[in-house]
Structures are given as C-alpha cells and as structure tokens.
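Heads up, the sequence shown stops at 475 in my numbering, and the numbers go up one at a time, no gaps. We put the beta carbon where it would ideally sit given N, CA and C, even for glycine. Note that this is a predicted model, so its numbers are computed, not measured. Below: one structure, written as structure tokens.
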Amino acid sequence: MPSDQTFHHAPAVTRVGRRRVRRVTGVLVAMAVAFVGAAPAQAAEIVVVDTWDYPADLHDPATTSLGQTFDVPAGAAPVDTVGGVFATYGSTTSGVTLTLRAAGPGGAIVGTEVFVNLTDNAWVELTLDAPLEPGSYSLEATDPVGPVAWWSNTADLYAAGSAQLDGAAVAGDRTILVRKTMPAPPASAVVDIAHRGASGVAPENTVAAVERAVEQRAGFVEVDVQRTADGELVVLHDTMLARTTNAEAVFPDRAPWNVADFTLAEIRQLDAGSWFSADFAGEPIPTLREVVDALGPRTGLLLELKRPDLYPGIEAQIHAELSAVRGYLNRSLRTGRLVVQSFDAASMRTYHEVAPEVPIGLLYSSPPTHDELLAASVWVDQINMAFTVTDRRLVDRIHALGLTVSVWTLDTEQLMRQFLDLGVDGIITDHPDLLRDILNR
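Structure (structure tokens):
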C-alpha cells in the first residue's frame with residue numbers, strides 16, 4: 035500500500051484409502067481479532083493459509099473427520115477465532131460440526147459449534163471464549179448433514195501444521211502461507227471520504243462540492259467520471275444528464291440525454307446546480323481536470339469509473355489525463371492520495387495493467403464470496419462496500435487478506451460510530467464535516 039492513508043485446473047481425481055477427493059481451492063484461517071475497546075495500538079496477528087489441494091468428501095462414511103493442525107507459538111498475538119471454507123455442492127441445507135482440540139487430533143476439546151444451512155463455499159468460524167494459549171491444536175470437521183467437504187492442507191500454520199483425515203496426515207502441495215501483523219488503527223487514522231464532494235451542502239460532483247469538501251478537511255473526495263461525445267472526461271454520477279441538470283429544457287429533442295451523446299461545449303450550456311439549490315444556479319458540470327485542480331495538494335481523489343463498458347479505452351485515457359497534470363500523479367502516489375475504483379472488475383484489471391502503480395478499489399453492493407476476495411487480493415488494494423451488507427466478519431475477512439475496506443454512504447453520527455467500531459478503514463459520506471468532528475473528539 036502506498037501509505038497509511040491509502041484505503042490501504044481441471045479437477046484432478048485421486049484417492050485417500052477408498053475415498054475419492056478432488057483438487058480445488060479453499061482457505062483455512064486462524065484469525066487474531068483485536069478486541070473491542072482495546073488500546074488503538076494493540077496488534078492483531080492474522081495468519082492465512084491458502085489451500086489448493088485434496089478436500090475429502092465428508093458425508094460418507096459419517097464417521098470421517100477432516101481437519102488442520104497448527105501451532106500457536108509463545109509470544110504470538112491473541113488468536114481467538116479459527117475457521118475454514120466448506121464446499122456444499124449446490125446445497126443450501128448442509129451442516130457440519132466444527133471442533134477445536136488442544137494437543138492435536140484426539141486432544142481435549144477447546145471449543146465446538148454446530149453450523150447449519152451452509153451455502154456454497156461457506157466461511158465457517160469458531161469464536162473462542164478466550165485467546166489460545168501457546169501450543170499445538172487441531173481444527174476438525176465432523177457430523178455432516180447433506181453434501182459438504184473440507185478443504186484440507188499440508189502447509190504450516192505458524193509451524194508443524196498438516197492436513198488430517200481421520201487423525202492422520204494427508205499429503206498435499208501448492209500451498210501459500212501469508213502472515214501479517216496488523217495494528218488496530220485508531221479512529222483518527224480512518225479516512226474521511228467526501229461522497230461526490232460535500233454533497234450534503236452542495237450539488238454533487240461539482241467544483242462547488244469539491245471545494246466545500248476541501249474546506250471541511252476531507253481526506254479524500256470521491257467523484258464519478260463519464261465521457262462526452264467528443265472524448266472529454268467529465269465528472270457526473272449518472273450516465274444521463276436529466277437528474278442533475280436542465281438538459282431536458284435546453285435540449286428537449288435529445289432524449290434520453292446520455293452524456294455520451296453530447297459534446298463538452300453542449301454540456302457547458304447546462305446548469306448542474308439549480309436542482310440542488312438556487313444558491314448554486316449556473317454551476318457547471320466540471321471536467322476531470324477541473325476537479326483535480328480544485329482538490330489542491332492535500333486532498334486525495336477516489337475516482338470511480340461508473341460505466342466503463344460504455345467508454346472503451348477510458349482506463350488508459352484517465353491515466354493519461356492524470357499524468358498530464360504537472361506533478362499530480364507523482365505527488366498523489368507518493369502521498370497515497372489517489373485510488374481508482376469501480377464495480378466493474380474487468381475494467382479495474384485493465385486499469386491495473388495500464389498503471390500498476392495506482393491503487394485499485396473494487397466496489398460491492400452485496401457481500402463478495404471468499405473466492406472473489408482471495409482472487410482480488412493479488413492485485414486490488416481496497417474493497418469498498420455498501421454499509422447495509424457489511425458486518426464485522428466481512429471486515430475481518432477483508433483485513434485478513436491484507437486489503438482495506440471503506441463503506442458507503444454513512445450520513446448519521448450513529449452509523450458512523452457503528453462502523454468505526456467495526457474497524458473499517460474509511461467512511462464515505464455526504465457530510466465529511468460531521469465525520470471529521472467525530473474523529474477529532
């Protein structure tokens with residue numbers, strides 16, 4: 035991550051004894067969770083083992099147990115949650131019992147829980163009453179209901195870990211081990227992101243809204259980019275002009291008023307402020323360059339490609355436009371004040387190929403699957419979520435993969451405090467001044 039302020043095989047069938055298994059992908063995680071109310075500097079060590087091999091079907095015979103051993107060394111950060119990913123083969127009613135044992139397979143039970151109604155690739159985790167003491171452990175899955183499998187693995191979790199089938203080690207390969215120590219950030223480190231500028235007090239995606247956000251000391255300003263008929267980059271949320279301008283009155287015969295059907299000169303004739311308030315009558319739709327100029331040197335840019343599929347090549351064009359602003363790109367990357375994001379993962383892949391040095395964010399309005407997060411973690415820097423589908427478990431899973439997470443759009447103190455308590459890295463809001471006041475208390 036550039037800075038602290040950046041949201042920073044065909045199945046191969048083999049046999050184990052008389053049992054058929056398939057080579058697929060999954061994850062076992064021992065997750066050290068910072069406790070609510072802990073000192074801001076308390077570290078949380080998160081250990082992730084990505085597995086690529088040998089899950090065993092758990093439903094025949096029912097006495098089969100599958101698991102993973104791991105060691106917790108002396109001096110490790112608290113580990114109070116362990117879990118794994120399960121395959122259910124299309125079922126939504128599968129179930130499994132997850133048990134953690136001390137001293138390896140057959141040892142004393144530390145914790146156990148029955149899980150029901152599992153869906154495909156369900157992430158199942160066991161939260162313990164107290165952090166684990168240093169020593170050896172075995173996490174086991176038993177008593178299946180319906181079709182369910184456990185993705186087992188031979189890699190070390192810390193050290194001396196191995197996959198287990200009925201208490202015996204299972205051979206495997208192609209494993210990646212990730213260890214990361216992550217401090218629980220103090221509230222003051224949370225990024226204050228102005229949604230379409232300070233859009234609670236000025237018309238969204240205008241220079242006026244950007245200037246208000248800068249005045250309110252927002253850390254970042256989030257805006258959306260579209261492209262005109264003559265190839266100019268303009269800042270507007272919608273692909274059509276009608277909602278936030280007087281396009282219907284100025285160009286009554288040009289329905290449906292798509293941005294892509296108008297030249298920049300035509301768009302300059304529109305009023306993008308009066309719909310919000312008469313105080314902003316005549317406020318124009320700005321170009322991307324005008325927004326960058328309005329940000330100044332201390333405010334970051336979170337730039338969303340709203341519908342890149344409508345504008346072929348827009349990724350390279352945006353990068354060229356930002357590069358053409360003297361000193362902007364180098365300064366922004368050096369200080370971690372530029373992120374490009376979209377709901378369109380293919381477009382962000384393209385942008386990453388064009389400009390691998392630029393941090394990338396993926397937007398989600400529904401929870402991403404574990405496999406989606408795992409694949410994204412290779413090239414994405416942040417996951418930006420609708421707050422309505424975001425909970426502590428999702429935040430922890432995103433953090434466990436070394437990604438940051440911001441949520442949108444929070445406009446009340448109650449919601450802001452709720453998600454600060456969840457440990458998000460950024461909050462996108464129409465009222466950056468309200469969030470700034472909360473962060474400064």
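Paired residues, beta bridge with residue i - DSSP
i      : result
Met419 : Tyr398, Val441
Thr321 : Val268
Ser376 : Leu396
Ile227 : Phe254, Ile462
Pro169 : The amino acid at residue 169 is misidentified as Pro; the sequence shows Gly. Val106.
Thr146 : Thr133
Ala232 : Beta-bridge pairing links Ala232 to no other residue.
Residue i versus the options, residue with shortest Cα-Cα distance
i      : options                        : result
Gly169 : Asn151, Val113, Gly330         : Val113
Thr422 : Val441, Glu355, Arg383         : Val441
Thr384 : Asn418, Glu349, Val429         : Glu349
Leu449 : Val268, Ala358, Leu469, Phe149 : Leu469
Val244 : Glu324, Leu397, Ala389, Ile143 : Glu324
Phe149 : Glu174, Arg251, Val225         : Glu174
Pro290 : Ala299, Gly347, Leu275, Gly330 : Leu275
His271 : Trp413, Gly231, Ser411         : Gly231
Asn474 : Leu329, Ala223, Gly138         : Ala223
Thr262 : Ala242, Arg251, Ala294         : Ala294
Val414 : Val179, Asp430, Glu387, Ile462 : Glu387
Asp471 : Gly457, Asp455, Thr446         : Thr446
Asp425 : Pro402, Leu408, Ala409         : Pro402
Leu367 : Val116, Phe285, Gly109, Pro331 : Pro331
Gln102 : Met419, His229, Tyr171         : Tyr171
Glu256 : His229, Glu249, Val429         : His229
Asn364 : Lys340, Asp378, Ser381, Pro393 : Pro393
Residue i vs residue j beta-carbon contact at 7 Å
i      : j      : result
Thr438 : Asp459 : yes
Gly129 : Arg135 : no
Phe296 : Pro237 : no
Leu322 : Val259 : yes
Leu304 : Ala281 : yes
Arg269 : Pro320 : Note that residue 269 corresponds to Val in the displayed sequence, not to Arg. Taking 7 Å as the Cβ cut-off, Val269 and Pro320 qualify as a contacting pair.
Pro466 : Asp264 : no
Gly347 : Gln375 : no
Leu247 : Thr278 : Correcting the residue type first, residue 247 is Ala in the shown sequence and not Leu. No.
Thr146 : Thr176 : no
Leu267 : Glu355 : yes
Thr443 : Ile417 : no
Ala328 : Val241 : yes
Leu454 : Leu435 : no
Limits of the unbroken beta strand (DSSP E) element including residue i
i      : result
Ala136 : 128-136
Leu407 : It is not in any beta strand (DSSP E) - Leu407 instead sits in the alpha helix (DSSP H) that spans 404-410.
Glu338 : 334-339
Boundaries of the alpha helix (DSSP H) in which residue i is found, first to last residue
i      : result
Val429 : 426-434
Glu238 : Here Glu238 belongs to no alpha helix (DSSP H), and DSSP marks it neither H nor E.
Ser357 : 348-358
Glu447 : 447-456
Leu367 : 362-368
Original post:
Unbroken beta strand (DSSP E) runs of length 3 or more, entirely within the region 247-298: which are they?
Top reply: 254-261, 267-269
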